[in-house]
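Below: one structure, written as structure tokens.
What follows is the structure, given as structure tokens:
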């Protein structure tokens, strides 16, 4: 019996199970974070029959909301569903990585490499339920498919996965691009096979794109879909949240980008490892069996680093999640190139337990940034609970509630609809783009027409005050935001500040 128990403990599956549980724990909190709240509120509105972009607005892709809707259905409209989905995605993601590595290296190295994936994911994930997390899951299986066989089914499935990735976020094309180059490298002497690979892959992509485009065309919202998902997202990627930086200066933006890369110890170390892998590849100092995978890693790393930092204006940690795969490949190839062998028996008998303990500690507590983030998540739970209780007690389910800021979490948890399709303010307030003025005018019209029962200032200090004087003064300092002038006047004339809960300031509609 003890022998069977020991075998279960040292099993990679058991290890991945433990890592998946650890990484999924923040997703089991009752009140989701800022971005997660936006995603869940949007998904909830879609379940109630609203149309994405037309009735409820976000600039993320429609496939993301398939994950969010699934989580709501599993959790019965609670945040628990996100935790359950996160657990299964993390577990199968790690299993896919392990399966891929075991094909090229020993089981021991594959196990250590997958453990490293868990550590990096814990460092960058910060609570989960972000687009790049779902992208990493799909990319893992895309990579596994591309490296295992060259059949029509494989090519078609790869196209399907790339289609899903593209319609989560248009910058999630790194893996697909690298694999197209990878196929060209492997099939360079078999042009008909290469053409077949590209053709079937395109067919797979179209099988995803066609229903999505057809859906918005049927609802007379195709132009709105393209305008939001492509035009807005790429204008979003060429602007800066920091108004002190000239967002039109490419030189300034790329200096900031390089500064971020070289201050990130993980990215910098991986860059140095990438240079080493390029060197051994060019010098042909690798086993022939691992050269194709090495070529893929060399192509993939710079593409993913560029695309994951494409917005440049602010290096959010979860943007880096898709870089985990090339980092994993680089680390594995470096081990093979260095002729380092780690006997499985050594790990099983002596090193497995301490390595597992260290990994769990790292994942649970991490370095100070992770710990600070987790503490922030828990510290927000109490005021969020109080403000949600206040909203429920002082409004009816049919009342609309305006959350001034980006805390659509409050709309989701209180089951109160926002008065405008713009449920969070940051896209129209912070990001200058071609339709910013029209978005502000539409937002003002919606609020003045719907007259929300409560207004919750959920971002004090981050946005201009709702007071007439401060708001109008801010408008005069920014021509783009003058479009909100009537909004500030409307709030000042029709609402009065009553109380505050934590950092949330509450405004109640005046009685006539």
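Numbering (the working numbering), first residue to last: 4 to 515. For every residue, glycine included, the Cβ atom is placed at its ideal position computed from N, Cα and C.
The ligand NAD heavy atom lying under 7 Å from the CB of residue i
| i | result |
| --- | --- |
| residue 289 | As for the ligand NAD, it is missing from this structure, which has no ligand bound. |
Per-residue burial, residue i [other beta carbons within 10 Å of its own, 16 or more giving buried]
| i | result |
| --- | --- |
| residue 226 | exposed |
| residue 507 | buried |
| residue 501 | exposed |
| residue 76 | exposed |
| residue 323 | buried |
| residue 301 | buried |
| residue 211 | buried |
| residue 278 | exposed |
| residue 414 | buried |
| residue 312 | buried |
| residue 291 | exposed |
| residue 171 | buried |
| residue 79 | exposed |
| residue 121 | buried |
| residue 195 | exposed |
| residue 303 | buried |
| residue 139 | buried |
| residue 288 | exposed |
As assigned by DSSP and simplified to three states, the class of residue i
| i | result |
| --- | --- |
| residue 143 | helix |
| residue 203 | helix |
| residue 79 | coil |
| residue 508 | strand |
| residue 188 | helix |
| residue 488 | helix |
| residue 135 | helix |
| residue 11 | Only weak support exists for where residue 11 lies, its pLDDT of 41 falling under 50; the value from the coordinates is given anyway. DSSP places residue 11 in helix when its eight states are reduced to three. |
| residue 224 | coil |
| residue 210 | helix |
| residue 311 | helix |
| residue 518 | Missing from the structure shown is residue 518; the chain here goes from 4 to 515 and no further. |
| residue 109 | coil |
| residue 89 | helix |
| residue 1 | There is no way to answer for residue 1, as the model of the chain reaches only from 4 to 515. |
| residue 150 | coil |
| residue 414 | helix |
| residue 322 | helix |
| residue 292 | helix |
| residue 34 | coil |
| residue 176 | coil |
Whole-number beta carbon distance between residue j and residue i, since they are thought to touch under 8 Å
| i | j | result |
| --- | --- | --- |
| residue 219 | residue 162 | That pair is no contact at about 21 Å. |
| residue 117 | residue 104 | 7 Å |
| residue 486 | residue 440 | 5 Å |
| residue 126 | residue 114 | Not a contact, Cβ separation roughly 19 Å. |
| residue 405 | residue 339 | Not quite, the Cβ-Cβ distance comes to about 57 Å (not below 8 Å), so this is no contact. |
| residue 74 | residue 84 | 4 Å |
| residue 142 | residue 328 | 6 Å |
| residue 165 | residue 177 | Incorrect: roughly 10 Å between the Cβ atoms, too far for contact. |
| residue 276 | residue 334 | 7 Å |
| residue 185 | residue 149 | 7 Å |
Whole-angstrom distance between residue j and residue i, CA atom to CA atom
| i | j | result |
| --- | --- | --- |
| residue 228 | residue 56 | 7 Å |
| residue 3 | residue 299 | Given that the chain is displayed from residue 4 to residue 515, the structure contains no residue 3 and the question cannot be resolved. |
| residue 448 | residue 490 | 8 Å |
| residue 15 | residue 272 | 27 Å |
| residue 27 | residue 40 | 17 Å |
| residue 158 | residue 182 | 10 Å |
| residue 97 | residue 234 | 35 Å |
| residue 137 | residue 513 | 44 Å |
| residue 144 | residue 37 | 29 Å |
| residue 326 | residue 198 | 29 Å |
| residue 391 | residue 91 | 29 Å |
| residue 399 | residue 69 | 29 Å |
| residue 461 | residue 42 | 17 Å |
| residue 419 | residue 202 | 47 Å |
| residue 280 | residue 188 | 17 Å |
| residue 45 | residue 59 | 6 Å |
| residue 217 | residue 168 | 18 Å |
| residue 308 | residue 131 | 20 Å |
| residue 86 | residue 293 | 37 Å |
| residue 395 | residue 174 | 39 Å |
| residue 67 | residue 133 | 9 Å |
| residue 231 | residue 282 | 43 Å |
| residue 458 | residue 494 | 9 Å |
| residue 193 | residue 156 | 18 Å |
| residue 530 | residue 89 | The first residue shown for the chain is 4 and the last is 515, placing residue 530 beyond what the model contains. |
| residue 51 | residue 284 | 54 Å |
In DSSP terms, what residue i is bridged to
| i | result |
| --- | --- |
| residue 407 | 460 |
| residue 498 | 512 |
| residue 59 | 55 |
| residue 420 | 403 |
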